[in-house]
Amino acid sequence: MQVGKYFLSNRRARIYLDAIAETSGQYGFPTVLTLAGLHAWLEALPPYNDTHEVDFLDFGALNAMLVKMYGPRAGRAMTQWAGRVSFMALTPYMDDLLNVQAASFQAQSPAERVRAVLEIVVDSRRLGNMEASLQTSGDQFMYMLDPCPFCFGQHNAAHALCYGAVGFLQQAVEWVGAGDHYMVEEASCAATKSLQDSGCAFVILKMEPYND
Ligand SMILES: [Zn+2]
Numbered sequence: 035m036q037v038g039k040y041f042l043s044n045r046r047a048r049i050y051l052d053a054i055a056e057t058s059g060q061y062g063f064p065t066v067l068t069l070a071g072l073h074a075w076l077e078a079l080p081p082y083n084d085t086h087e088v089d090f091l092d093f094g095a096l097n098a099m100l101v102k103m104y105g106p107r108a109g110r111a112m113t114q115w116a117g118r119v120s121f122m123a124l125t126p127y128m129d130d131l132l133n134v135q136a137a138s139f140q141a142q143s144p145a146e147r148v149r150a151v152l153e154i155v156v157d158s159r160r161l162g163n164m165e166a167s168l169q170t171s172g173d174q175f176m177y178m179l180d181p182c183p184f185c186f187g188q189h190n191a192a193h194a195l196c197y198g199a200v201g202f203l204q205q206a207v208e209w210v211g212a213g214d215h216y217m218v219e220e221a222s223c224a225a226t227k228s229l230q231d232s233g234c235a236f237v238i239l240k241m242e243p244y245n246d
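First residue of the sequence shown? That's 35 in the numbering used here, and the numbers climb one at a time after it.
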């Protein structure tokens, strides 16, 4: 187990934790932290700054415990929502990089708009020291996190754990106005494997338009 090797930014983790606290409630949240062994966060949650201090192992343990305690369906909903909230909190920063309101941007195809936002997400080192990458195949995309902060340190899990990343990416797709055209799924989760030295892959799937 690689303690203290990979870190998320405090702010990135805190925004996610705030969303989890809101949905798990006054009693649920401390219980999750206790069962996941995250005792330091019972005393104080990470501050709202950009220092990289939240160990991926702690973040992975949180997500695994949410799925264990609330079940895959509710755990997935909670973490996916926290991922959406995380992207929403980043939009002022994203606004500096991509003017989604510009007519020239809106005139681009959904695939071009999705590619533009994914390239920014991949390059964003301020969120933590994960290695993200993007593969493009026509108008389909695959986003990879290796290592993945959402499930780091977890293995042999019965279910994929990284719905925080799914929600984050889905919100990014919607932010560029392509929510009717693309949906995000986790294609492969490192936590479901016995080896922990692999990453997670997310597909940004082009949906066929409805024919009325
Ligand atoms: Zn993962």
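Virtual Cβ for every residue (Gly too), placed ideally from N, Cα, C.
Whole-angstrom distance between Phe90 and Ala166, CA atom to CA atom: 14 Å
DSSP three-state assignment for Met241, whether helix, strand or coil: coil
Phe139 beta carbon less than 7 Å from that of Gln205: no
Whole-angstrom distance between Phe41 and Ala47, CA atom to CA atom: 10 Å
Coarse secondary structure for Phe184, derived from DSSP in three states: coil
Per-residue burial, Glu220 [other beta carbons within 10 Å of its own, 16 or more giving buried]: buried
For Met178 and Leu137, the rounded distance between their alpha carbons: Sequence check: residue 137 is Ala here, not Leu. Roughly 30 Å between the two C-alpha positions.
CB contact flag (Cys182, Gly233, <7 Å): yes
Close-in-space but distant-in-sequence residues of the same chain around Asp84 (CB under 8 Å, 5 per side omitted): Ser43, Asn44, Arg45 and Arg160
Length of the line joining the Cα atoms of Leu271 and Arg149: No statement about residue 271 is possible, as the shown extent of the chain runs from 35 to 246 and does not include it.
Alpha-carbon spacing of Phe63 relative to Ala194, whole angstroms: 21 Å
Backbone CA spacing between Pro144 and Val156 [nearest angstrom]: 18 Å
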